[in-house]
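First comes the structure, then the notes that go with it.
Number of protein chains: 2
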Amino acid sequence: MSSGKILVAQGGGPTAVINQSLVGVVLEARRFRHVTRVYGALHGVRGIVNEDFVDLTQETSHNLELVAATPSSALGSTRDKPDEQYCERIFEVLRAHEIEHFFYIGGNDSSDTVRIVSQRARAAGYPLRCIHIPKTIDNDLVGNDHTPGFPSAARFVAQAFAGANLDNASLPGVYVGVVMGRHAGFLTAASALGKKFADDGPHLIYLPERVFELERFLADVKAMYEKHGRCVIAVSEGIHDASGEPIASLLAKEVERDAHGNVQLSGTGALADLLCDEIKDKLGIKRVRGDTFGYLQRSFIGCVSDVDQREAREVGEKAVQFAMWGDRDGSVAIKRTGFYSADYELLPLEAVAGKTRTMEDEFIAASGTDVTDAFRMYLRPLLGSGMPDAFRLRPAPVAKILNR
Amino acid sequence: MSSGKILVAQGGGPTAVINQSLVGVVLEARRFRHVTRVYGALHGVRGIVNEDFVDLTQETSHNLELVAATPSSALGSTRDKPDEQYCERIFEVLRAHEIEHFFYIGGNDSSDTVRIVSQRARAAGYPLRCIHIPKTIDNDLVGNDHTPGFPSAARFVAQAFAGANLDNASLPGVYVGVVMGRHAGFLTAASALGKKFADDGPHLIYLPERVFELERFLADVKAMYEKHGRCVIAVSEGIHDASGEPIASLLAKEVERDAHGNVQLSGTGALADLLCDEIKDKLGIKRVRGDTFGYLQRSFIGCVSDVDQREAREVGEKAVQFAMWGDRDGSVAIKRTGFYSADYELLPLEAVAGKTRTMEDEFIAASGTDVTDAFRMYLRPLLGSGMPDAFRLRPAPVAKILNR
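Sequence order for the protein chains is A and B. Take the first sequence: its letter number 349 is residue 349 in the UniProt record's numbering, and every next letter is one higher. Take the second sequence: its letter number 384 is residue 384 in the UniProt record's numbering, and every next letter is one higher.
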């Protein structure tokens, strides 16, 4: 006799559309007659081991739709990275509650958790269907054309740079915008989509896929500043030297590491300030400003791609369909099938778990400080409809009288 | 014989709607039969002394409308603060080009420039009509209910905090968001409009209208963190100690001052980082993150209040009408006439020029770390239509089995 119980949880950094996936799971699961309960775990895997569950079967469809359109993780999230022992506790709780389907929405760390729990259940002979649902603004999951959450964050970054470029054109100087992305430069590269006219910024883009050399950087900035009388620069927080040491951590007083051993890169303006100081000191440019986009780029309410919303909903729905109609665990992935359309497939957990995708070489210009048209074609449809546009006055100069 | 020549320029920091005012001037001026030319000066007063003019009479209405909807200053701006000699040069250029009407869109420094040029023209017996058109995200012009540009920036700040609060609820810790505003806390206070539920952030708001004491701040944060298990804090970049020394400049390695003698507060993450370090060190809280909203809050493309757009357009239109139908120089001001409606009046330049409005006491809660309902009523209609909203799952707890 089947219990008909399902559990869903959200892990890792929140996104603008992660609740779409949650609601996709809940509403789709409630359509299956044998499903008796849809539980949500509060704060990801931590909520599972603590048995902090809420019954989503008792939530209205109407409120679920409103929550779906709300950014960040409605169930709460966690940065815990379960080891084998932690996964054992997860499994014991799932078994105690007779959970038959486990859906975990998250990035590559989360997919690794799903992989271990899936293995553990199989070893114990307990019938548990485990599905990982992709989510990350970093766009760094392998096997996916792109990941839900990335398009909306990319839209924020593109809009931010479109505006920063206009601001910088109005009051010329050097502007450095630091964007999230530890290993993958996709989000930083999205800054290029804020560019419309040939002389618009960002004029330089620094990605973690290329080694960052300070001398080269200063020479690039100098050249652009001389050409345009100003310079807008997009920098990934993950830029590093040839040895792989993050530029951000080279200057941090006290390096903070999370449970995954990662250095804290976000939530500090240190990298932008360092780069601005170098430009002021070495190039003698007076007006140099740095912004660190920080949490705004993943949390800002009111900047979302409708394509991203739709797909985030669908990966949740498809996860349930794969679980109900298929016979294996896996990770839902987005495949591009047209310009633009997408379909979904279920990849083996081993193909995704713990792996990191970085920007393909074909997306990075030979200069190393720009993107290619292939990247623009890749990203543009994902940003969705209604992208704001910038317009200029056309020149009609007036003859000088006093300064002739 | 009248030349029928008009000059318009934009000064100070760009806003999301300053081009609405520009286009309001241009389109309204072109309706008057005796107007032969509408010139725009590039980069504010600097463009005037350099005679860098463009002829806006040769721009299509259609493109002007597109430019109106584009943020930042389409003519370019400047931080130059003209002294008497600089104003003399402005006046000489205006006279050489037979300019009869001078419209300058800007903040209180710009209004002071208009005041000096107006005096100079009168002293020389040259018939020049000088009108200042209000603009500033700081909302610090006296005699105005509010200033164009502020509502859109306030909307950005409110949306940013609504999102940051959701993010912080998902991954609890302390979040510090630093908002622009050297002397006036209006924009920082707008963070309160991102709050929906009683336990939402921002839990603490620090304004330049109140003396900032680090010990008191740490005690406030500790209390909120103990109450909510997290704490979202809005801080004005202009917070200062009892002697008036900005907290930001107390730690800056090298203090940068602009032509107005103002310390650089924006374009650096130093203040947020300092406050985060204090919270980590003194309170022992591990997850502490700081964001500095920087230029995003005034330049972000795609976050604008429709009320702000409309009013920014109207102050431009009214400036021309006051100039054409009235007989005195002045500064256009917004008056509130209903909940919500506005009208416009022309104040004497002396009433506005060089003065700074700060937040009225009735808008600041007795605690000094929150706003009042009077402020919420004041600001809410200005944010415009279509404000995004945040929704939550309603609790339906599940009984524990293993951890009973």
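For each residue, glycine too, the CB sits at the ideal point set by N, CA and C.
To which residues of the same chain is residue i closer than 6 Å at the C-beta, ignoring the five residues directly before and after it?
i: residue 20 of chain A; result: 68, 309, 312, 313
i: residue 384 of chain B; result: 305, 306, 307
i: residue 291 of chain A; result: 177
i: residue 150 of chain A; result: 137, 139
i: residue 175 of chain B; result: 164, 168, 232, 289
i: residue 225 of chain A; result: 231
i: residue 48 of chain B; result: 41, 90, 93
i: residue 331 of chain A; result: 111, 132, 347, 349, 352
For residue i, count neighbouring Cβ atoms within 10 angstroms of its own Cβ and tell me buried if that reaches 16, exposed if not.
i: residue 399 of chain B; result: exposed
i: residue 344 of chain A; result: buried
i: residue 76 of chain B; result: buried
i: residue 245 of chain A; result: exposed
i: residue 281 of chain A; result: exposed
i: residue 197 of chain B; result: exposed
i: residue 361 of chain B; result: exposed
i: residue 275 of chain B; result: buried
i: residue 91 of chain A; result: buried
i: residue 115 of chain B; result: buried
i: residue 403 of chain B; result: exposed
i: residue 369 of chain A; result: buried
i: residue 367 of chain B; result: exposed
i: residue 180 of chain B; result: buried
i: residue 28 of chain B; result: buried
i: residue 293 of chain B; result: buried
Just verifying my parser: in three-state terms, what is the DSSP assignment at residue i?
i: residue 320 of chain B; result: helix
i: residue 30 of chain B; result: coil
i: residue 340 of chain B; result: coil
i: residue 99 of chain B; result: strand
i: residue 142 of chain A; result: coil
i: residue 312 of chain A; result: helix
i: residue 18 of chain A; result: helix
i: residue 367 of chain B; result: coil
i: residue 330 of chain B; result: strand
i: residue 353 of chain B; result: coil
i: residue 396 of chain B; result: coil
i: residue 227 of chain A; result: helix
i: residue 374 of chain B; result: helix
i: residue 211 of chain A; result: coil
i: residue 247 of chain A; result: helix
i: residue 13 of chain B; result: coil
i: residue 382 of chain B; result: helix
i: residue 362 of chain A; result: helix
i: residue 406 of chain A; result: Outside the displayed range of chain A (1 to 404) lies residue 406 of chain A, so it cannot be described from this structure.
i: residue 242 of chain B; result: coil
i: residue 390 of chain A; result: coil
For residue i, collect the residues of the same chain with a Cβ closer than 7 Å to its Cβ; drop the 5 residues on either side in sequence, then sort them by chain order.
i: residue 379 of chain B; result: 154, 190, 193
i: residue 241 of chain B; result: 211, 212, 247
i: residue 253 of chain B; result: Note that residue 253 of chain B scores a pLDDT of 46, beneath 50, so its modelled location is shaky; the value from the coordinates is reported in the next line. Result list for residue 253 of chain B: empty, nothing under 7 Å.
i: residue 228 of chain A; result: 199, 203
i: residue 374 of chain A; result: 362, 363
i: residue 326 of chain B; result: 346
i: residue 144 of chain B; result: 134, 333, 334
i: residue 35 of chain B; result: 4, 6, 29
Spatial neighbours of residue i within its chain, please: CB distance less than 8 Å, with the 5 preceding and 5 following residues excluded, ordered by chain position.
i: residue 13 of chain A; result: 77, 107, 136, 137, 298
i: residue 358 of chain A; result: 140, 183, 184, 185, 208, 209
i: residue 166 of chain A; result: 390
Within the stretch 103–138 of chain A, ranges of the alpha helix (DSSP H) (whole runs, at least 4 residues): Within the stretch 103–138 of chain A, the complete alpha helix (DSSP H) runs of at least 4 residues are 108–124.
Inside the stretch 265–309 of chain B only - beta strand (DSSP E) runs reaching at least 3 residues: Correct list: 288–292.
Selection of the stretch 302–321 of chain A by Cβ proximity to chain B, strictly under 7 Å: Of all residues in the stretch 302–321 of chain A, 302, 303 have a Cβ within less than 7 Å of some Cβ in chain B.
Cβ-based contacts, 9 Å cut-off: residues of the stretch 28–61 of chain B near chain A: Going along the stretch 28–61 of chain B in chain order, one finds 37, 39, 40, 43, 49, 50, 51, 52, 53, 54, 55, 56, 57, 58, 59, 60 with a Cβ nearer than 9 Å to chain A.
Members of the stretch 77–98 of chain A that neighbour chain B once the beta carbon cut-off is set at 8 Å: Residues 77, 78, 79, 92, 93, 96, 97.
Within 8 Å of chain A by C-beta, residues of the stretch 291–302 of chain B in sequence order: Against chain A - using a Cβ distance shorter than 8 Å - the residues of the stretch 291–302 of chain B are 291, 292, 293, 294, 295, 296, 298, 299, 300, 301, 302.
Sequence ranges, alpha helix (DSSP H) only - wholly within the stretch 36–97 of chain B, length at least 4: With a minimum length of 4 residues, the continuous alpha helix (DSSP H) runs that stay inside the stretch 36–97 of chain B are 44–49, 61–68, 84–96.
Interface positions of the stretch 9–23 of chain B facing chain A (Cβ-Cβ less than 7 Å), listed along the chain: Listed in chain order, the positions of the stretch 9–23 of chain B with a beta carbon within less than 7 Å of a beta carbon of chain A are 14.
Contact set between the stretch 139–159 of chain A and chain B, restricted to residues whose Cβ is under 7 Å from the partner: For the stretch 139–159 of chain A, the residues whose beta carbon sits under 7 Å from a beta carbon of chain B are, in order, 159.
Entirely enclosed beta strand (DSSP E) segments - the stretch 138–184 of chain A, minimum 3 residues: If we require 3 residues or more, the beta strand (DSSP E) runs fully inside the stretch 138–184 of chain A come out as 174–179.
Within 9 Å of chain B by C-beta, residues of the stretch 387–400 of chain A in sequence order: Taking 9 Å as the Cβ-Cβ cut-off, the stretch 387–400 of chain A approaches chain B at 387, 388, 389, 390, 391, 392, 393, 394, 395, 396, 397, 398, 399, 400, given in chain order.
Residues of the stretch 112–136 of chain B with Cβ closer than 7 Å to any Cβ of chain A, in chain order: Across the stretch 112–136 of chain B, no CB contact with chain A closer than 7 Å is found for any residue.
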